[in-house]
Amino acid sequence: METPTVWAIIKVSHNPGTNQAAGGICGTAFFVSKNQFISAHHCFNSPVFIPNHGFSKVKVFLTNESGRIIENIAIDKLVPEYDLTIGRLNSHENVDVLPVENDFKVGDAVYNIGFPVGESLVGYNLRTSGDELIVENVRVKAFQQSGIIDSVPIVTVNADDVKIIDKQMIKLSYTSHTGFSGGPLILGGKVIGMMSLVIPSEYDPAQPAMAIRMADIAKYIAF
């Protein structure tokens, strides 16, 4: 089975006219239509488009394992109650749209794919053209995690970056890591959810990962 195409969201802050720049992966995204992609609200939101402290400019773009770069992106809709951001393309691009499935059951074997921070960004080259920052030769590597659907509980999360109140989520049999958020949860080649968070616990560092159901996300998307 062909590996689904997922995209790393990369933010690079810089100061024009200097070699000062700092960047990294914010999270994972995937396309649900030819001009819409989705990711997790806690890793792709309005502050992403604000330069980091000490910098005056920022560039935010998508890239994939083939090295393709899509720069002309924007936020279309923020749905924080589902930890969801819907992004859009402001130019025509030929992208792979992942098929969606709403049906699943506890015990189904699933996997997710994404770009964990600290492992996925292999490298990139930067140069300037006037005040414009040019990003070239981006190299990223996607990783997979797998397990089964453990349960579909009603969840409330009141964290600094995620606030979900009484929403049904997909609880997985395995944990996850920063950077996978926003990526697809896949069953039989189709996306059933979007990776959201791991509920932290001082008693168990390997807390299960949670995903938002595509059935809930679909209410906000024009497929």
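Quick note: to get the numbering used here, add 267 to the position in the sequence shown (first position is 1). Just so it is clear, CB atoms sit at the ideal spot from N, CA and C, and this is done for glycine as well. None of the values given here were measured: they were computed from a predicted structure.
- Query: Would a C-beta distance cut-off of 7 Å place residue 389 and residue 408 closer than the cut-off?
  - Reply: Numbered from its first residue, the sequence shown carries residue 389 at position 122. Numbered from its first residue, the sequence shown carries residue 408 at position 141. Result yes, Cβ atoms of residue 389 and residue 408 sit closer than 7 Å.
- Item | Helix, strand or coil at residue 296 according to DSSP, with G and I counted as helix | Working through the sequence shown from its first residue, we reach residue 296 at position 29. Residue state, collapsed to three classes: strand.
- Which residue spans inside the segment 322–408 form an unbroken beta strand (DSSP E) run of at least 3? 324–330, 340–346, 351–356, 376–381, 388–396, 399–407
- Task: Please classify residue 483: does DSSP put it in a helix, a strand, or coil?
- Result: Working through the sequence shown from its first residue, we reach residue 483 at position 216. Helix, per DSSP.
- Less than 7 Å separating the beta-carbons of residue 379 and residue 450? As a working note, residue 379 is residue 112 in the sequence shown. As a working note, residue 450 is residue 183 in the sequence shown. Yes, the Cβ-Cβ distance between residue 379 and residue 450 is below 7 Å.
- Residues bridged to residue 410 [DSSP beta-bridge criterion]: Taking the first residue of the sequence shown as 1, we reach residue 410 at position 143. Per DSSP, 381.
- Would you check if the distance between the CB atom of residue 414 and the CB atom of residue 292 is smaller than 7 Å? Within the sequence shown, residue 414 is the residue found at index 147, counting from 1. Within the sequence shown, residue 292 is the residue found at index 25, counting from 1. No, Cβ-Cβ distance for residue 414 and residue 292 is not below 7 Å.
- Message: Closer than 8 Å is the cut-off here; do at least three beta carbon pairs connect the segment 288–308 with the segment 270–279?
- Response: yes
- Task: Just mark residue 340 as buried or exposed, buried being the case when its beta carbon has 16 or more other beta carbons within 10 Å.
- Result: Position 73 of the sequence shown, counted from the start, is the residue given in the question as residue 340. Under this definition residue 340 is a buried residue.
- Task: Return the residue from the list 458, 477, 466, 394 that minimises the CA-CA distance to residue 485.
- Result: Position 218 of the sequence shown, counted from the first residue, corresponds to residue 485. The candidate whose alpha carbon is nearest that of residue 485 is 458.
- Query: In the DSSP assignment, what are the bridge partners of residue 283?
  - Reply: Residue numbering aside, residue 283 sits at position 16 when the sequence shown is read from its first letter. Answer is none; residue 283 lacks a bridge partner.
- Query: Where residue 300 and residue 359 are concerned, what is the direct C-alpha to C-alpha distance, given to the nearest angstrom?
  - Reply: What you label residue 300 is simply residue 33 of the sequence shown in a count that begins at 1. What you label residue 359 is simply residue 92 of the sequence shown in a count that begins at 1. The straight-line gap from Cα to Cα measures roughly 12 Å.
- Cα-Cα, which of 305, 280, 278, 282 is closest to residue 481? Reading the sequence shown from its first residue, position 214 is the one you call residue 481. Taking only the C-alpha atoms, the option nearest residue 481 is 305.
- Can you check DSSP and say which residues form a bridge with residue 425? Translated into the one-based positions of the sequence shown, residue 425 becomes position 158. Its beta-bridge partners are 430.
- Residues near residue 371 in its chain [Cβ-Cβ closer than 7 Å; skip 5 each side]: One-based indexing of the sequence shown puts residue 371 at position 104. These residues qualify, in order along the chain: 416, 454, 459.
- Item | CA-to-CA distance, residue 284 to residue 438, given in whole angstroms | Here residue 438 is taken as the residue at index 171 of the sequence shown, counted from 1. Here residue 284 is taken as the residue at index 17 of the sequence shown, counted from 1. Distance between the alpha carbons of residue 438 and residue 284 is about 48 Å.
- Query: What is the residue span of the beta strand (DSSP E) that residue 493 lies within?
  - Reply: Lying outside 268 to 490, the shown extent of the chain, residue 493 is not represented and no answer is given.
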